[in-house]
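Engineer: Below you'll find the structure I mean.
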């Protein structure tokens, strides 16, 4: 005959079996990102003053994001400070967003006034590494972007963004892309 003790032990054992059978998420150690949406915020005149770009990410070992202490190699700001070489280290930031405008039916990258480089917004986002033994992680990242790059007269109100991230092992994610986005100017 089953007693309360047997039933309780059976329930506890069942809960452990269900928990043990729970499938853990397995992702590539190379980050995977995907555009989700963009939110626009306007001033009192109805002009867009901020866009928040939202994208999802997955990473198998959870080494996403940087801490404030991550400023030594390979995350130092410049590649060769000893020889006074101010070449910017691409791993100092971990998110890059490129700006494109629709001009005459084609998306064109905006060139910086300092050369022929594409306008690229660099960002550093905080470490998102989960606690515990299983580090696989997925989630969303939101980034605020100004509608018009500084000292620039836009050619179009229709823009598109391409972006990618680096993890702490310096794996570069895929390059994701927004759809056409229209700024109210």
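Residue numbers (the numbering used here): 4 to 188.
A virtual CB, placed ideally from N, CA and C, is assigned to each residue, including glycine.
Can you tell me the Cα-Cα spacing of residue 1 and residue 44, whole angstroms?
Structural biologist: Since the displayed the chain opens at 4 and closes at 188, residue 1 lies outside it and no answer follows.
Engineer: Out of curiosity, what's the CA-to-CA distance linking residue 77 and residue 108?
Structural biologist: Within the chain shown, numbered from 1, the residue matching residue 77 stands at position 74. Within the chain shown, numbered from 1, the residue matching residue 108 stands at position 105. If I take the Cα positions, the gap works out to 40 angstroms.
Engineer: When the distance is taken between beta carbons, is residue 66 closer than 8 angstroms to residue 132?
Structural biologist: Here residue 132 corresponds to residue number 129 of the chain shown, with the count starting at 1. Here residue 66 corresponds to residue number 63 of the chain shown, with the count starting at 1. Taking 8 angstroms as the Cβ cut-off, residue 132 and residue 66 qualify as a contacting pair.
Engineer: For a quick check, are the C-beta atoms of residue 101 and residue 170 less than 8 angstroms apart?
Structural biologist: Counting from one through the chain shown, the residue named residue 101 turns up at place 98. Counting from one through the chain shown, the residue named residue 170 turns up at place 167. No, the pair does not count as a contact, with Cβ atoms beyond the cut-off.
Engineer: Starting from residue 108 and walking both ways along the beta strand (DSSP E), at which residues does that stretch end?
Structural biologist: Within the chain shown, residue 108 is the residue found at index 105, counting from 1. Premise fails: residue 108 is in no beta strand (DSSP E) and is neither H nor E.
Engineer: By Cβ distance, which residues of its chain are closer than 8 angstroms to residue 35, with the 5 residues on each side in sequence left out?
Structural biologist: The residue given as residue 35 occupies position 32 in the chain shown. Same-chain partners within the cutoff: 60, 61, 62, 176 and 177.
Engineer: Could you spell out where the beta strand (DSSP E) holding residue 147 opens and where it closes?
Structural biologist: Taking the chain shown and counting its residues from 1, one reaches residue 147 at position 144. Segment 140 to 148, the beta strand (DSSP E) holding residue 147.
Engineer: Please report how far the alpha carbon of residue 183 lies from the alpha carbon of residue 164, in whole angstroms.
Structural biologist: Here residue 183 is taken as the residue at index 180 of the chain shown, counted from 1. Here residue 164 is taken as the residue at index 161 of the chain shown, counted from 1. Their backbone Cα atoms lie some 8 angstroms apart in a straight line.
Engineer: Please state whether the Cβ-Cβ distance between residue 168 and residue 97 is less than 8 angstroms.
Structural biologist: Walking along the chain shown from the start, residue 168 turns up at place 165. Walking along the chain shown from the start, residue 97 turns up at place 94. It is a contact, given that the beta carbons lie within the stated cut-off.
Engineer: Hey, which unbroken runs of the beta strand (DSSP E) at 3 residues or more fall wholly within the segment 51 to 88?
Structural biologist: Within the segment 51 to 88, the beta strand (DSSP E) runs of at least 3 residues that lie entirely inside it are, in chain order, 51 to 62 and 81 to 83.
Engineer: Exposed or buried, which one is residue 29 when buried takes at least 16 other CB atoms within 10 Å?
Structural biologist: As a first step, residue 29 is located in the chain shown; it is residue number 26 there, counting from the start. It is exposed - the Cβ of residue 29 has fewer than 16 other Cβ atoms within 10 Å.
Engineer: Are residue 104 and residue 162 close, meaning C-beta to C-beta below 8 angstroms?
Structural biologist: Along the chain shown, one-based indexing puts residue 104 at 101. Along the chain shown, one-based indexing puts residue 162 at 159. Cβ atoms of residue 104 and residue 162: closer than 8 angstroms.
Engineer: Return the CA-CA distance between residue 37 and residue 179, expressed in angstroms with no decimal places.
Structural biologist: For the purposes of this step, residue 37 is taken as the residue at position 34 of the chain shown. For the purposes of this step, residue 179 is taken as the residue at position 176 of the chain shown. Answer to the nearest angstrom: the Cα atoms are 6 angstroms apart.
Engineer: So residue 146 and residue 69 are supposed to be a Cβ contact under 8 angstroms. How far apart are they, rounded?
Structural biologist: Taking the first residue of the chain shown as 1, we reach residue 146 at position 143. Taking the first residue of the chain shown as 1, we reach residue 69 at position 66. About 15 angstroms separates the two Cβ atoms, so there is no contact after all.
Engineer: If I measure Cβ to Cβ from residue 123 and keep anything under 6 angstroms in the same chain, skipping five residues before and after, which residues do I get?
Structural biologist: Counted from its first residue, the chain shown places residue 123 at position 120. Taken in chain order, the residues that qualify are 99 and 101.
Engineer: Report the three-state DSSP secondary structure of residue 132 (helix, strand or coil).
Structural biologist: As a first step, residue 132 must be located in the chain shown, where it is residue number 129. Of the three classes helix, strand and coil, the one that applies to residue 132 here is coil, per DSSP.
Engineer: By DSSP, does residue 45 sit in helix, in strand, or in coil?
Structural biologist: For the purposes of this step, residue 45 is identified with residue 42 of the chain shown, where counting begins at 1. Note: residue 45 maps to strand in three-state DSSP.
Engineer: Return the first residue and the last residue of the beta strand (DSSP E) that residue 168 is part of.
Structural biologist: Here residue 168 refers to the residue found at position 165 when the chain shown is read from its first residue. From DSSP, the beta strand (DSSP E) with residue 168 extends over 161 to 168.
Engineer: Excluding the 5 residues preceding and the 5 following residue 125 in the sequence, name in chain order all residues of the same chain whose CB lies nearer than 7 angstroms to its CB.
Structural biologist: As a working note, residue 125 is residue 122 in the chain shown. Answer for residue 125: 96 and 99, listed in chain order.
Engineer: Determine the burial state of residue 91: buried for a count of at least 16 other Cβ atoms within 10 Å of its Cβ, exposed for fewer.
Structural biologist: Start at 1 with the first residue of the chain shown, and residue 91 comes out as number 88. Residue 91 is exposed by the Cβ-count criterion.
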